[in-house]
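Reading through the structure tokens given below for one structure.
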Amino acid sequence: MNEENLRKIQAITEAALLAAGKPLSVDQLRDLFEEGERPARQVMEHVLLLLEQSCQGRGFELKKIASGYRLQVREEFAPWVGRLFEEKPQRYSRALLETLALIAYRQPITRSEIEDIRGVTVSSNIVRTLLEREWVRVVGHRDVPGRPAMYATTRQFLDYFNLEGLDQMPPLSEIRDLEEIGREIEKNMQAEIEFESPARSTGGNGEDSNPDNAPEQTLH
Amino acid sequence: MNEENLRKIQAITEAALLAAGKPLSVDQLRDLFEEGERPARQVMEHVLLLLEQSCQGRGFELKKIASGYRLQVREEFAPWVGRLFEEKPQRYSRALLETLALIAYRQPITRSEIEDIRGVTVSSNIVRTLLEREWVRVVGHRDVPGRPAMYATTRQFLDYFNLEGLDQMPPLSEIRDLEEIGREIEKNMQAEIEFESPARSTGGNGEDSNPDNAPEQTLH
Amino acid sequence: MTEETTGSTTADESAEALGAPAEQAPLARVSGKPVVDLPRDLYIPPDALAVFLEAFEGPLDLLLYLIRRQNMDILNIDVSEITKQYMDYIGAVEAMRFELAAEYLVMAATLAEIKSRMLLPRQESEDEEDIDPRAELIRRLQQYERFKQAAEDIDDMPRLERDNFVASAALPRMPSSQPHPDVDLREILFALQGVLKRADLFTSHHVERERLSTRERMSSILSVLRDDQFVTFESLFTPEEGRLGVVVSFLATLELVKEQLIEVVQAEVLGPIHVRARAV
């Protein structure tokens, strides 16, 4: 594949991505070429690399996301570009974001499981909005009475948030594994019981017996 | 105005034109900048010139039109880009297939001869479609009043159907067999439908709850 | 916000309980004014109370807020203190006769249960199997806090229409390309079958099996002939095709003569034969 040819494929790729206005996969891009001239996958990937480099210093960049590649305005220019649009970007309520977070991190998950964790009912409005935006979808039904729907996030969700996969989501906040906390609390209770009965000498579990850490100490 | 500043204005201009999805005037572009940093008209026009130059060899170009400027996919790439929007090809009508069949088996043949056999008129559309597809061509004119065109199939026709010559076309005697095959296919389809309907009703959301089918973007 | 004490439904001690206000963003806005803290004395103007109720995503959220205000570690909750504050808050809302979501009342009951257990002398190991309600509450608070944080993280992630915009360019004039349908050879046969059936029904046309190669040769001969120029008869034949090919070409030529599609001329006996298409 000579350089001129590569340059042409690169220009066609750029043209197609700008014409599509949505992500295109490597195969969708390859399908733009007739059989005889269709670049191999590796060639196409190389071309995408060249395209990415050629956008340096420009107003837009090549972004790889879940459904493929997309050309998008560089984030640093959002303050200027945002002025094009009269409407303010939509804000999402905490209730919607929390529901979305639970679906994203705990999928597949049912509505009642979401409600268990949030401690409040999830309004049908929120679920409908998420489904309409195609950020979540029903992937099945839990095999329990009522067969409640199980929700999971979609590729469009990843695309919207500039992600290639769920593993690119920010990690859940750094608190210890909940199981571990449960065990610890139980141990603490145990220690207290032991403390109440004979002596504390047995409570040699390092931090468990640390007074700052033992919740029971502050109870009144 | 230093060069770095110009480059930034150029990138913002490009970003805005790509995000707007409609033409922007010089003043609309200038309005993207806050008062303190807003480039003068001449500066903006200079920047647009720089932007135009920077698009050389790329998939898109800057176009000046009545309502302002817009970035547009280069026309030379339309053949490739056009495949993005190709609709699914429709099926040919029965009338067209019959006409084609008669030309293939009775060539050279005139339109009125085809009409005689089919018992209905042959629309000009059909003939034009077959000519445009280069499956048939006019090979002469019958020496009768009106000197009607005689149609025959082409090399492209043979190529499309992987035939070396017309003698490789299935003989008409196979039509009897075909009838049987047709009946058999219909019977099979009938059986399939009968097989499918009861299964459907019990299957419910069987495939939905298939765990392999669940969230398509599982963590990797 | 006014600091009235009249009409307060709860004791003044709650003011101390709420402690020093922590530095934070406004909880809500009431009549345009930012509201940063719960009022010190829990007298809340009715319109403000409604806003407070909406500011929390439920009892867990409210509890987390109260815990944070006390600078408490979740693992270290002072249940008595938090319960009192929670009850004060619930009491205030109820006194204003606002509909209180059931979840808030359930939580109040849970807190009351925990507090009462704490007051009672511990039963030796008899209900060890029971889930400790306090541990369960802590677990739920921890769990909720994680996802509350995750929701904030998602909100901070760059997203389309706010931080990113899809780049698109206008389309040039596009060739109107109508894709061609695919056809199976058998479809043509089926079509022919249909025609022939109808032909049998409606006309006396009798279509026999044709010798396709002759037909094809007729077409190809016609295609090379012109009406303004003679070619030699021999040029219609391709000796490399062998005897059969020559015979087919000959039959095709005869058929074309019979159908008066071509003109064959011989100037003298045994002289060269010339062929041309009939003039249009």
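So the sequences go chain by chain: A, B and C.
Going by our numbering, the first residue of the first sequence is number 1, and it counts up by one from there.
Going by our numbering, the first residue of the second sequence is number 1001, and it counts up by one from there.
Going by our numbering, the first residue of the third sequence is number 2001, and it counts up by one from there.
C-beta: ideal position from N, C-alpha, C; glycine also.
In this text, all values refer to a predicted model and were calculated from it rather than measured experimentally.
Taking 8 Å as the threshold, find out whether the segment 1141 to 1149 of chain B comes into contact with the segment 2163 to 2174 of chain C through three or more Cβ pairs. no
Can you check the segment 92 to 144 of chain A for any alpha helix (DSSP H) of at least 4 residues that lies completely inside it and give the ranges in chain order? 94 to 106, 111 to 118, 124 to 132
Please name the residue in C:Glu2241, C:Leu2261, C:Leu2171 whose C-alpha comes closest to that of B:Leu1084. Along the second sequence, read from residue 1 onward, the residue named residue 1084 of chain B stands at position 84. For B:Leu1084, the nearest C-alpha among the options comes from C:Leu2171.
Secondary structure at C:Gln2070, three-state DSSP: helix, strand or coil? Along the third sequence, one-based indexing puts residue 2070 of chain C at 70. Note: C:Gln2070 maps to coil in three-state DSSP.
Taking A:Ser93 as the reference, which of C:Ser2220, C:Ala2151, C:Thr2232 has the closest Cα? Here residue 93 of chain A refers to the residue found at position 93 when the first sequence is read from its first residue. Nearest C-alpha to A:Ser93: C:Ala2151.
First through last residue of the beta strand (DSSP E) which encompasses B:Gln1072: Position 72 of the second sequence, counting from 1, holds the residue named residue 1072 of chain B. It spans 1068 to 1073 - the beta strand (DSSP E) in which B:Gln1072 sits, taken as one unbroken run.
If you compare alpha carbons, which of B:Arg1111, B:Thr1121, B:Leu1050 is closest to B:Leu1131? Position 131 of the second sequence, counted from the start, is the residue given in the question as residue 1131 of chain B. The shortest C-alpha separation from B:Leu1131 is found at B:Arg1111.
Which residues in the same chain have their Cβ closer than 6 Å to the Cβ of C:Glu2187, if we skip the five residues on either side of it in sequence? The sequence position of residue 2187 of chain C within the third sequence is 187, counting from 1. Result list for C:Glu2187: empty, nothing under 6 Å.
For A:Arg83, return the contacting residues in chain B, with the cut-off set at a CB-CB distance below 8 Å. Position 83 of the first sequence, counted from the first residue, corresponds to residue 83 of chain A. Going along chain B in sequence order, the residues near A:Arg83 (Cβ under 8 Å) are Asp1031, Leu1032.
So if I threshold CB-CB distances at 7 Å, which residues from the segment 1158 to 1173 of chain B count as touching chain C? Per Cβ criterion, the list reads Phe1161, Gly1165, Leu1166, Asp1167, Met1169, Pro1170, Pro1171, Leu1172, Ser1173.
Leaving out five residues before and five after B:His1046 in sequence, what residues of the same chain have Cβ atoms less than 8 Å from its Cβ? Along the second sequence, one-based indexing puts residue 1046 of chain B at 46. Cβ within range, chain order: Leu1006.
Would you call the CB atoms of A:Thr154 and A:Arg137 closer than 9 Å? Here residue 154 of chain A refers to the residue found at position 154 of the first sequence. Here residue 137 of chain A refers to the residue found at position 137 of the first sequence. Yes. Within cutoff.
What is the rounded straight-line gap between the Cα of C:Glu2103 and the Cα of A:Thr129? Sequence index remark: in the third sequence, residue 2103 of chain C carries index 103 (1-based). Sequence index remark: in the first sequence, residue 129 of chain A carries index 129 (1-based). Rounded to whole angstroms, C:Glu2103 to A:Thr129 spans 23 Å at the Cα level.
Give the C-beta separation of A:Ile117 and A:Leu102 to the nearest angstrom, bearing in mind that I take them to be a contact with Cβ-Cβ under 8 Å. Here the question's residue 117 of chain A lines up with position 117 in the first sequence. Here the question's residue 102 of chain A lines up with position 102 in the first sequence. Yes, they are in contact, since the Cβ atoms of A:Ile117 and A:Leu102 sit about 6 Å apart, within 8 Å.
Taking only beta-carbon atoms, is C:Ser2223 less than 9 Å away from chain B? Numbered from its first residue, the third sequence carries residue 2223 of chain C at position 223. It does; some Cβ of chain B falls within 9 Å.
CB-CB length for A:Ala66 against A:Gly165, believed under 8 Å: Mapped onto the first sequence, residue 66 of chain A falls at position 66. Mapped onto the first sequence, residue 165 of chain A falls at position 165. With 8 Å as the limit, A:Ala66 and A:Gly165 qualify as a contact, their Cβ atoms being about 6 Å apart.
At the 9 Å Cβ level, is C:Val2231 part of the contact set with chain B, yes or no? Residue numbering aside, residue 2231 of chain C sits at position 231 when the third sequence is read from its first letter. Not one chain B Cβ lies under 9 Å of C:Val2231.
Evaluate contact between the segment 2221 to 2239 of chain C and the segment 2255 to 2263 of chain C, counting only Cβ atoms and requiring at least three cross-stretch pairs below 8 Å. yes
Please state whether DSSP places C:Asn2076 in a helix, a strand or coil. In the third sequence, the residue the question calls residue 2076 of chain C occupies position 76. DSSP places C:Asn2076 within a helical segment (H, G or I) once states are collapsed to three.
Are the beta-carbon atoms of C:Arg2146 and C:Leu2060 separated by less than 9 Å? Numbered from its first residue, the third sequence carries residue 2146 of chain C at position 146. Numbered from its first residue, the third sequence carries residue 2060 of chain C at position 60. Taking 9 Å as the Cβ cut-off, C:Arg2146 and C:Leu2060 do not qualify as a contacting pair.
Closest by C-alpha distance to B:Gly1068, when choosing among B:Glu1087, B:Val1127, B:Met1044: Here the question's residue 1068 of chain B lines up with position 68 in the second sequence. Among B:Glu1087, B:Val1127, B:Met1044, the Cα nearest to that of B:Gly1068 is on B:Met1044.
Mind reading off the beta-carbon distance from B:Phe1060 to A:Leu24? Whole number of angstroms is fine, and I expect it under 8 Å. Taking the first residue of the second sequence as position 1, residue 1060 of chain B is located at position 60. Taking the first residue of the first sequence as position 1, residue 24 of chain A is located at position 24. So it is not a contact: roughly 15 Å between Cβ atoms.
Who are the near neighbours of A:Asp167 in its chain, counting only those whose CB is closer than 8 Å to its CB and skipping five residues on each side? Within the first sequence, the letter at position 167 stands for residue 167 of chain A. Within the same chain, A:Asp167 has no close Cβ partners at all.
Report the neighbours of A:Glu75 on chain D: residues whose CB is nearer than 9 Å to its CB, in chain order. Of the chains in the structure shown, none is chain D; the protein chains are A, B and C.
Could you give the first and the last residue of the continuous beta strand (DSSP E) run that contains A:Gln90? Numbered from 1 along the first sequence, position 90 holds the residue referred to as residue 90 of chain A. Premise fails: A:Gln90 is in no beta strand (DSSP E) and is neither H nor E.
Can you tell me which of the three DSSP states C:His2274 falls into? The sequence position of residue 2274 of chain C within the third sequence is 274, counting from 1. Of the three classes helix, strand and coil, the one that applies to C:His2274 here is strand, per DSSP.
CB contact check: B:Leu1024 to chain A, cutoff 9 Å: The residue labelled residue 1024 of chain B in the question sits at position 24 within the second sequence. With 9 Å as the cut-off, B:Leu1024 counts as an interface residue toward chain A.
Measure the beta-carbon distance from C:Arg2276 to C:Arg2226 and round it to whole angstroms, keeping in mind my assumption that it falls under 8 Å. Here residue 2276 of chain C is taken as the residue at index 276 of the third sequence, counted from 1. Here residue 2226 of chain C is taken as the residue at index 226 of the third sequence, counted from 1. About 7 Å separates the two Cβ atoms, so the contact holds.
Alpha-carbon to alpha-carbon, A:Trp80 and B:Leu1049: Locating residue 1049 of chain B in the second sequence gives position 49, counting from the first residue. Locating residue 80 of chain A in the first sequence gives position 80, counting from the first residue. Approximately 20 Å, taken between the alpha carbons.
List in chain order: all unbroken alpha helix (DSSP H) runs of 4+ residues lying wholly within the segment 30 to 82 of chain A. 41 to 54, 78 to 81
Rounded to a whole number of angstroms, what is the C-alpha to C-alpha distance between C:Leu2155 and A:Leu172? For the purposes of this step, residue 2155 of chain C is taken as the residue at position 155 of the third sequence. For the purposes of this step, residue 172 of chain A is taken as the residue at position 172 of the first sequence. Before going on, a small fix: residue 2155 of chain C reads as Asp here, not Leu. For C:Asp2155 and A:Leu172, the distance between alpha carbons rounds to 14 Å.
Are the beta-carbon atoms of B:Pro1108 and B:Ala1152 separated by less than 9 Å? As a working mapping, residue 1108 of chain B is identified with position 108 in the second sequence. As a working mapping, residue 1152 of chain B is identified with position 152 in the second sequence. A contact, by the Cβ cut-off of 9 Å.
Report the CB separation of C:Pro2239 from B:Arg1091 in whole angstroms; it is logged as a contact under 8 Å. Within the third sequence, residue 2239 of chain C is the residue found at index 239, counting from 1. Within the second sequence, residue 1091 of chain B is the residue found at index 91, counting from 1. With a Cβ gap of about 44 Å, C:Pro2239 and B:Arg1091 do not count as contacting.
On the three-state DSSP scale, how would you describe C:Val2265? To locate residue 2265 of chain C, count along the third sequence from 1; it is residue 265. Secondary structure of C:Val2265 (DSSP, three-state): strand.
Which complete alpha helix (DSSP H) runs does the segment 2190 to 2259 of chain C hold, if anything under 4 residues is left out? Taking 4 residues as the shortest admissible run, the segment 2190 to 2259 of chain C contains the following complete alpha helix (DSSP H) segments, listed from N- to C-terminal end: 2212 to 2224, 2242 to 2258.
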